[in-house]
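Chemist: Numbering-wise (UniProt numbering), the sequence shown opens with residue 1 and increments by one.
Attaching a single structure in structure tokens format; questions to follow.
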Amino acid sequence: MDEVLAHGIARIPSVSPHPLEMLPSRQVEIEHAYELGICGIGNANGVVGEIRRWLSLNFVDPLTSAPLLAGSRYPSNDSDMLVIWMRDWTSTAMVLNAHRAFMEHLQPEVPRILPPRLLYSINKMGVSRNPSVTDVFQKGANSVAATITALTSQFTEFRHEQLAHNNATGHQLAALQSNQSATTEHLKQLTTAFSNQTHALFALGQDQETRSLLSSTQLRLSSERAALRYCSSPEEKGELLAEIARLKQEEKDLLSTISGSGGRMASLLGGSAASVVGRPQITPADPTMPPGLQRSPSARLRERASRPPTPSLEAVHKRPRTDPDETEIEHQLTMPQEPIVGFSMVF
């Protein structure tokens with residue numbers, strides 16, 4: 001009771017947290033048959049006169065052209081309403097059906113005005129409740145919450161799609177990187193194999209060159225031995241023996257070089273480029289002649305003149321003999337020589 005006396009309201013939490021504002025009921029007594037009520041006229045000047053003029057112009061008797069509007073009044077307990085009545089039910093129904101034309105004509109000037117309705121229907125509307133600020137905020141909060149929920153759902157879906165796209169892109173990049181690594185490794189293997197093949201071909205060329213020098217040396221050695229058998233001058237025999245010894249040493253060196261190059265070539269074909277050694281510099285001591293060609297006597301004389309002096313026959317005889325060829329040659333030198341008879345044929 002104290003709260004009611006102090007504040008004028010009674011809060012009942014178990015019923016509603018928002019108290020209702022009690023208003024007097026809208027009950028307008030009906031004085032004429034088929035009375036119509038027009039609500040929301042407000043206090044604008046000339047509104048009532050404009051309503052009466054519109055009704056008088058649009059609803060007339062087709063025979064006499066007299067207006068069908070019978071009258072109008074203000075209710076004593078509601079200043080925001082105008083009550084009108086027509087001559088009969090037919091004209092009343094015509095006014096009710098023309099509610100759209102009524103609003104198009106008057107609403108631009110009176111925004112709160114409502115179309116005509118039966119006064120009986122207006123009295124049955126009951127008690128109206130003024131909307132509170134809490135209801136407005138509650139509706140706005142619900143709308144905002146729904147919007148935020150929709151945006152959150154869309155953002156979550158977009159994030160999932162973006163995550164799936166990033167994962168797919170990552171897998172593609174990983175596959176590309178793997179392919180690139182495999183291609184790089186394959187290129188390294190091809191480069192190593194190509195390098196080994198190149199060095200193997202280079203070593204093969206060296207081996208062929210060495211074998212060519214060996215063939216030339218052996219051919220010269222055979223030529224010197226043949227010349228020694230038919231030589232009659234002790235001085236020339238000494239020179240030939242020295243030349244044969246030099247050629248035999250050169251042949252031995254070339255054979256040693258060839259035996260070592262075979263293993264190096266095998267390591268190149270099956271190994272890496274690190275096993276490649278430098279190219280040996282093999283330079284023949286004397287110019288070589290193509291096989292089948294004999295040197296002229298003047299060339300042989302010039303060659304012998306450029307050589308160092310040969311040891312005497314006594315020194316040659318005193319040196320220990322280890323080569324069977326030298327023993328045979330010495331035996332030939334000690335034997336008495338028969339004169340060599342030569343002849344030539346002219347064609």
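The C-beta atom is built at its ideal place from N, Cα and C for all residues, glycine as well.
These numbers come from a predicted model, not from an experiment.
Select from Q162, A146, A66, S215 the residue whose C-alpha is nearest the C-alpha of K248.
Modeler: Of Q162, A146, A66, S215, the residue nearest in Cα terms is S215.
Chemist: In angstroms, rounded to a whole number, what distance separates the CA positions of V144 and Q154?
Modeler: Looking at the two C-alpha atoms, the distance is approximately 15 Å.
Chemist: Report yes or no: do three or more beta-carbon pairs, one from the region 76-88 and one from the region 32-41, lie closer than 8 Å?
Modeler: At 8 Å Cβ cutoff, the stretches touch.
Chemist: How big is the Cα-Cα spacing for T152 and A168?
Modeler: About 24 Å.
Chemist: Beta-carbon within less than 6 Å of A245's beta-carbon, same chain only, minus the 5 sequence neighbours each way: which residues are those?
Modeler: Cβ within range, chain order: n/a, list empty.
Chemist: Give me the DSSP bridge partner(s) of R52.
Modeler: Paired residue(s): none; R52 is not in a bridge.
Chemist: How is E243 classed by DSSP in three states: helix, strand or coil?
Modeler: Helix at E243.
Chemist: Which residues in the same chain have their Cβ closer than 8 Å to the Cβ of P116, if we skip the five residues on either side of it in sequence?
Modeler: Cβ neighbours of P116 beyond the five flanking positions: L36, G37, I38, I84, V95, L96, H99, F102.
Chemist: R53 to L69, Cα distance in whole Å?
Modeler: The straight-line gap from Cα to Cα measures roughly 10 Å.
Chemist: Whole alpha helix (DSSP H) runs in the region 98-172 with 4 or more residues, listed along the chain?
Modeler: Those alpha helix (DSSP H) runs which fall completely within the region 98-172 and span 4+ residues are 99-106, 119-123.
Chemist: Among G71, C231, S212, H165, which one has its Cα closest to the Cα of E251?
Modeler: When only C-alpha atoms are compared, the closest one is S212.
Chemist: For H199, is the classification buried or exposed, using 16 other Cβ atoms within 10 angstroms of its Cβ as the cut-off for buried?
Modeler: With 16 or more Cβ atoms within 10 Å of its Cβ, H199 is classed as buried.
Chemist: Closest by CA to E109, which one among T217, L254, V47?
Modeler: E109 has its Cα closest to that of V47, out of T217, L254, V47.
Chemist: Looking at the structure shown, is P62 part of a helix, part of a strand, or coil, going by DSSP?
Modeler: If DSSP states are grouped into helix, strand and coil, P62 belongs with coil.
Chemist: Nearest to A242 by CA position, among S261, L221, A44, is which residue?
Modeler: The option with the nearest alpha carbon to A242 is L221.
Chemist: Quick one, which of L118, A193, T183, T210 has its alpha-carbon nearest W89's?
Modeler: Taking only the C-alpha atoms, the option nearest W89 is L118.
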